[in-house]
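2 protein chains.
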Amino acid sequence: MAALKQKISEKTVERLSVYRRHLKELQKKGKTRVYSHELAQIVAGTPAQVRRDLMQVGGNGCSSKGYEINLLSDEISELLDYPEKQNVALIGVGNLGRALLGFFSGSRENFDIVATFDNDPDKCGRIICGRRCYNADQLKKIVGEKKISTAILAVPAEAAENAVKDLIDAGVKAILNFAPKHITTNSNVFIQTIDMTMALEKAIYFSHKNTYAKESQHERNRKNYQSTF
Amino acid sequence: MAALKQKISEKTVERLSVYRRHLKELQKKGKTRVYSHELAQIVAGTPAQVRRDLMQVGGNGCSSKGYEINLLSDEISELLDYPEKQNVALIGVGNLGRALLGFFSGSRENFDIVATFDNDPDKCGRIICGRRCYNADQLKKIVGEKKISTAILAVPAEAAENAVKDLIDAGVKAILNFAPKHITTNSNVFIQTIDMTMALEKAIYFSHKNTYAKESQHERNRKNYQSTF
DNA sequence: CTCTAGTTGTGAAATAATGCACAGCGTGAA
DNA sequence: TTCACGCTGTGCATTATTTCACAACTAGAG
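Those sequence lines, one after another, are chains V and H. Numbering follows numbering that gives the first Met the number 0, with no gaps: position 112 of the first sequence is 111. Numbering follows numbering that gives the first Met the number 0, with no gaps: position 129 of the second sequence is 128.
Okay, here's the thing in structure tokens:
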């Protein structure tokens, strides 16, 4: 228990999430132990980086046997998750919103999308992918009632700014924003923007640069991981 | 023309894309000039950082008048884009794929989704959102014919690895991967994974940490920008 | 038991990214 | 014309992140 409550960097949190998902796959395959260099491959990092990350969750690797998968997975979960399943709301039930709803459904242990919101009267009141769709003006009420801590924002760019305001006002603590618009706040609310347009433009940019910018194998591996987002 | 062909960092490329989109909005509003501190707000960075980024594209800000929006936008485009519109393929026409197709449609100047692929016989041959859907086994042929440089991958996690192999084999140069699976390659192909599950887990993680980790205003602003992806 | 091979944990070095601070300049006012 | 203000471009300091490299340890072979 080395690193209790030591502030964990965002990058590390991101990687821990990726490690954990991979660990669960390994569990399914019946593996019981894993080495740092195996996990390193997943995130295209170095074994040293993986070990450092894992130290933050109480690094209990065993020399020459590596890490015990079950234990490690549990430890990561203890760090990333909360005792109670977290309730999440989806704002904006357009094409993207519905796709995200499907994407995030299924057996999730640590969170649950419990409500959706839209301001299209045709959608409100209906059940979409198993979740009730509320009118946007119900936001504050439902967020309070259902103790929703986090929101997924899938509204058009023009609507994003106001939606964020409303969400913060409603008491949400984190927002995962898919609208192609970067939004800041001076509140304590955590806003993570997934800027898909930017990501595609970036991919297109590097699609060509890569061809005539030969690098070492190692460099290339690192390049391929990328921000992961 | 300070920085011609100087290697531009990924972070900078990301921000340039964001700047450009904002510049185009400003253009629509009729603004003609912009200051570094205005752009800094957008990405929750510092003016110095913005100026550094812009220097890479030929920094031609004018003392006390700031940057000329039209010129700056064009210069960023010259750096990020290519003379020819880039052809993009979408792999996987499920819910998410179709949503992405819609999301990336509209008036894009620098790229165009020209084909979609799926291995569901029901989908193949049909026109989906205006794009012909091909069978996956046509990939190499079509990628060659249509000079597709970049692919958007929206297949289930299990299928991602093989899909990436096929795409690389087909000659694609960059992949934007939405499958919750990190994939590496030793080819020169640029793979950018948008790990939405990870992003949500991260958001949930920081939703709580933020509440009892008060920081300076400035720190908070930085936190709120986040990886942007 | 001893030795070898291979792995972890981690201090220290290296690298990358960010922010500070100021010289230099253009602008507009007087 | 002169001056004050405010902004850019940038060297340098600072901070964040990654990698190196090695001591300590474990397992297994002989």
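Ideal Cβ placement from N, Cα and C applies to all residues, glycine included.
- Message: Just to check my reading of the structure: I203/V and F110/H have Cβ atoms closer than 8 angstroms, yes? What is that Cβ distance to the nearest angstrom?
- Response: Indexing the first sequence from 1 puts residue 203/V at position 204. Indexing the second sequence from 1 puts residue 110/H at position 111. About 6 angstroms; that satisfies the 8 angstroms criterion.
- Message: Between V17/H and chain V, is the shortest Cβ-Cβ distance under 8 angstroms, so that the two count as touching?
- Response: Reading the second sequence from its first residue, position 18 is the one you call residue 17/H. Interface residue, yes.
- Item | Residue closest to A43/V, alpha-carbon to alpha-carbon, out of D194/H, M197/H, H181/H | Numbered from 1 along the first sequence, position 44 holds the residue referred to as residue 43/V. Nearest of D194/H, M197/H, H181/H to A43/V, Cα basis: H181/H.
- Message: Using only the alpha-carbon positions, how far apart do I193/H and S186/H sit?
- Response: Residue mapping note: residue 193/H aligns to position 194 of the second sequence, counting from 1. Residue mapping note: residue 186/H aligns to position 187 of the second sequence, counting from 1. C-alpha separation (whole angstroms): 20 angstroms.
- Query: In three-state terms, what does DSSP make of Y34/V?
  - Reply: Taking the first sequence and counting its residues from 1, the one referred to as residue 34/V is at position 35. Of the three classes helix, strand and coil, the one that applies to Y34/V here is coil, per DSSP.
- Integer Cβ distance of V87/V from C132/V, believed to fall under 8 angstroms: Here residue 87/V refers to the residue found at position 88 of the first sequence. Here residue 132/V refers to the residue found at position 133 of the first sequence. The pair is not a contact, with the Cβ atoms about 15 angstroms apart (cut-off 8 angstroms).
- Would you report the Cα separation of T115/H and E108/H, rounded to the nearest angstrom? Translated into the one-based positions of the second sequence, residue 115/H becomes position 116. Translated into the one-based positions of the second sequence, residue 108/H becomes position 109. C-alpha separation (whole angstroms): 19 angstroms.
- Query: Taking Cβ-Cβ distances below 9 angstroms as the criterion, which residues of the segment 187 to 198 of chain H are in contact with chain V?
  - Reply: N187, V188, F189, I190, Q191, T192, I193, D194, M195, T196, M197, A198
- Residue(s) in a DSSP beta bridge with D117/H: Reading the second sequence from its first residue, position 118 is the one you call residue 117/H. D117/H is bridged to N134/H.
- Message: Helix, strand or coil for F177/V? Go by DSSP, reduced to three states.
- Response: For this step, residue 177/V is matched to residue 178 along the first sequence. F177/V falls in the coil class under three-state DSSP.
- Three-state class that DSSP yields for S16/V in the structure shown: Position 17 of the first sequence holds residue 16/V. Three-state result, S16/V: helix.
- Tell me, please, whether the CB atom of H36/V is closer than 8 angstroms to any CB atom in chain H? Working through the first sequence from its first residue, we reach residue 36/V at position 37. Cβ-Cβ to chain H under 8 angstroms: no for H36/V.
- From I190/V to L38/H, what distance separates their C-alpha atoms? Within the first sequence, numbered from 1, the residue matching residue 190/V stands at position 191. Within the second sequence, numbered from 1, the residue matching residue 38/H stands at position 39. One C-alpha to the other measures close to 18 angstroms.
- Query: In terms of residues, what are the limits of the beta strand (DSSP E) holding V87/V?
  - Reply: Mapped onto the first sequence, residue 87/V falls at position 88. Unbroken beta strand (DSSP E) run through V87/V: 85 to 90.
- For S206/V, count neighbouring Cβ atoms within 10 angstroms of its own Cβ and tell me buried if that reaches 16, exposed if not. Position 207 of the first sequence holds residue 206/V. By the 10 Å Cβ count, S206/V comes out buried.
- Message: Using a Cβ-Cβ cutoff of less than 6 angstroms, which residues in the same chain neighbour Y18/H once the five nearest sequence positions on both sides are dropped?
- Response: By one-based count along the second sequence, residue 18/H stands at place 19. Excluding positions up to five away in sequence, the list reads L38.
- Quick one: what's got a C-beta closer than 6 angstroms to G96/V's C-beta in the same chain, skipping five residues either side? Sequence index remark: in the first sequence, residue 96/V carries index 97 (1-based). Around G96/V: L89, A153.
- Task: Output yes if chain H places a C-beta closer than 8 angstroms to the C-beta of L79/V; else output no.
- Result: Here the question's residue 79/V lines up with position 80 in the first sequence. Answer yes: the Cβ-Cβ gap between L79/V and chain H drops below 8 angstroms somewhere.
- Item | Those residues which DSSP pairs with Q191/V across a bridge | Residue numbering aside, residue 191/V sits at position 192 when the first sequence is read from its first letter. The partner list for Q191/V (beta bridge, DSSP) reads L175/V.
- Message: Cβ closer than 8 angstroms: which chain H residues qualify as neighbours of Y133/V?
- Response: Locating residue 133/V in the first sequence gives position 134, where the first residue counts as 1. Result: empty, since nearest Cβ-Cβ is about 20 angstroms, beyond 8 angstroms.
- Q26/V versus S76/V: straight-line alpha-carbon distance, rounded: Residue 26/V sits at position 27 when you count from the first residue of the first sequence. Residue 76/V sits at position 77 when you count from the first residue of the first sequence. Going by the C-alpha atoms only, they are around 14 angstroms apart.
- Task: Give the residues of chain V in contact with F164/H, contact being defined as C-beta atoms less than 7 angstroms apart.
- Result: The count along the second sequence starts at 1 and reaches residue 164/H at position 165. Inspection of the sequence shows that residue 164/H is occupied by Lys rather than by Phe. Near K164/H there are no residues of chain V at all, since even the closest Cβ is about 14 angstroms away, more than 7 angstroms.
- Residues bridged to A150/H by DSSP? To locate residue 150/H, count along the second sequence from 1; it is residue 151. A150/H is bridged to A88/H, I174/H.
- Query: Closest by CA to Q55/V, which one among R14/V, L175/V, V142/V?
  - Reply: For the purposes of this step, residue 55/V is taken as the residue at position 56 of the first sequence. Here the closest residue by C-alpha is R14/V.
- Query: Is I112/V helix, strand or coil when you go by DSSP?
  - Reply: Residue 112/V sits at position 113 when you count from the first residue of the first sequence. Looking at I112/V - three-state DSSP - the assignment turns out to be strand.
- Query: S76/H versus chain V: which residues are under 9 angstroms apart at the beta carbon?
  - Reply: Translated into positions along the second sequence, residue 76/H becomes position 77. Result: empty, since nearest Cβ-Cβ is about 10 angstroms, beyond 9 angstroms.
- Query: Do you know whose CA, among I126/V, A173/V, K30/V, L71/V, lies nearest T149/V's CA?
  - Reply: The sequence position of residue 149/V within the first sequence is 150, counting from 1. Of I126/V, A173/V, K30/V, L71/V, the residue nearest in Cα terms is A173/V.
- Do you know whose CA, among I126/V, T183/V, G60/V, A198/V, lies nearest I41/H's CA? What you label residue 41/H is simply residue 42 of the second sequence in a count that begins at 1. Taking only the C-alpha atoms, the option nearest I41/H is T183/V.
- Message: I need the DSSP call for S8/V, collapsed to helix, strand or coil.
- Response: In the first sequence, counting from the first residue as 1, residue 8/V sits at position 9. Reduced to three states, the DSSP call for S8/V is coil.
- Query: When you check each C-beta in the segment 29 to 61 of chain V against every C-beta of chain H, which residues fall closer than 8 angstroms?
  - Reply: Q40, I41, V42, A43
- Can the beta-carbon of S16/H be found less than 8 angstroms from the beta-carbon of K201/V? Position 17 of the second sequence, counted from the start, is the residue given in the question as residue 16/H. Position 202 of the first sequence, counted from the start, is the residue given in the question as residue 201/V. Going by C-beta atoms, S16/H is nearer than 8 angstroms to K201/V.
- Could you pull the start and end residues of the alpha helix (DSSP H) that S72/V belongs to? In the first sequence, residue 72/V corresponds to position 73, counting from 1. It spans 68 to 79 - the alpha helix (DSSP H) in which S72/V sits, taken as one unbroken run.
- Buried/exposed call for D52/V, threshold 16 Cβ in 10 Å: Sequence index remark: in the first sequence, residue 52/V carries index 53 (1-based). Looking at its Cβ environment, which holds 16 or more other Cβ atoms inside 10 Å, D52/V is buried.
- Go ahead and label M0/V buried or exposed: buried means 16 or more other beta carbons lie within 10 angstroms of its beta carbon, across all protein chains shown. By one-based count along the first sequence, residue 0/V stands at place 1. Legend: pLDDT at M0/V = 37, less than 50; position of this residue unreliable, value from coordinates given subsequently. Exposed: under 16 other Cβ atoms inside 10 Å.
- Cα separation between A158/H and V142/H? By 1-based counting over the second sequence, the position of residue 158/H is 159. By 1-based counting over the second sequence, the position of residue 142/H is 143. Approximately 19 angstroms between the Cα atoms of the pair.
- Hey, R20/H and P179/V: beta-carbon distance below 8 angstroms or not? Along the second sequence, read from residue 1 onward, the residue named residue 20/H stands at position 21. Along the first sequence, read from residue 1 onward, the residue named residue 179/V stands at position 180. The answer is yes: Cβ separation under 8 angstroms.
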